[in-house]
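Input: a single structure, listed below in structure tokens.
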Amino acid sequence: MRAWQMQDAKARLSEVVKTARQQGPQDISVHGKTVAVLVSKEDFDRMSGRHLSLPAFIAASPLAEAAGEFELPPRLKDTPKTEDW
Numbered sequence: 001m002r003a004w005q006m007q008d009a010k011a012r013l014s015e016v017v018k019t020a021r022q023q024g025p026q027d028i029s030v031h032g033k034t035v036a037v038l039v040s041k042e043d044f045d046r047m048s049g050r051h052l053s054l055p056a057f058i059a060a061s062p063l064a065e066a067a068g069e070f071e072l073p074p075r076l077k078d079t080p081k082t083e084d085w
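Per UniProt numbering: the sequence shown ends with 85, consecutive numbering throughout.
And the structure:
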């Protein structure tokens, strides 16, 4: 991971973005201290889990084993009653 000074990152934003897409996350620092990390959209989606469907997200969850033990009760075949107002 390459570190960029904030002023350099601002001046060379296109290069920072290109490097993030090709080589991975890029540190951005102020006075030698990392204050931000620039990541590609693909890396962000992967890290945030936005690309997963709901069943895939649940399966990837640390609670997946507990969810596997849970069973929904069978659905009722009766139709709900309607009220006449």
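Backbone N, C-alpha and C fix where the C-beta goes; we use that ideal spot for every residue, glycine too.
- Would you give the residue range spanned by the beta strand (DSSP E) that Thr34 belongs to? Start at 1 with the first residue of the sequence shown, and residue 34 comes out as number 34. 33-38 is the extent of the beta strand (DSSP E) around Thr34.
- Item | Residues that Val30 bridges to, as DSSP identifies them | Here residue 30 refers to the residue found at position 30 of the sequence shown. Val30 is bridged to Lys33.
- Would you call Gln7 buried or exposed, if buried means 16 or more other Cβ atoms sit within 10 Å of its Cβ? As a working mapping, residue 7 is identified with position 7 in the sequence shown. Gln7 is exposed by the Cβ-count criterion.
- Query: Hey, Pro25 and Val35: beta-carbon distance below 7 Å or not?
  - Reply: Taking the sequence shown and counting its residues from 1, the one referred to as residue 25 is at position 25. Taking the sequence shown and counting its residues from 1, the one referred to as residue 35 is at position 35. No, these two residues do not count as a Cβ contact at 7 Å.
- Task: Examine chain B for any beta-carbon lying closer than 7 Å to the beta-carbon of Arg46, and answer yes or no.
- Result: No chain B appears in the structure shown, which is made up of a single protein chain.
- Query: Rounded to the nearest angstrom, how far is the Cβ of Arg21 from that of Ser40, given a contact under 8 Å?
  - Reply: By 1-based counting over the sequence shown, the position of residue 21 is 21. By 1-based counting over the sequence shown, the position of residue 40 is 40. Right, their Cβ atoms sit about 4 Å apart.
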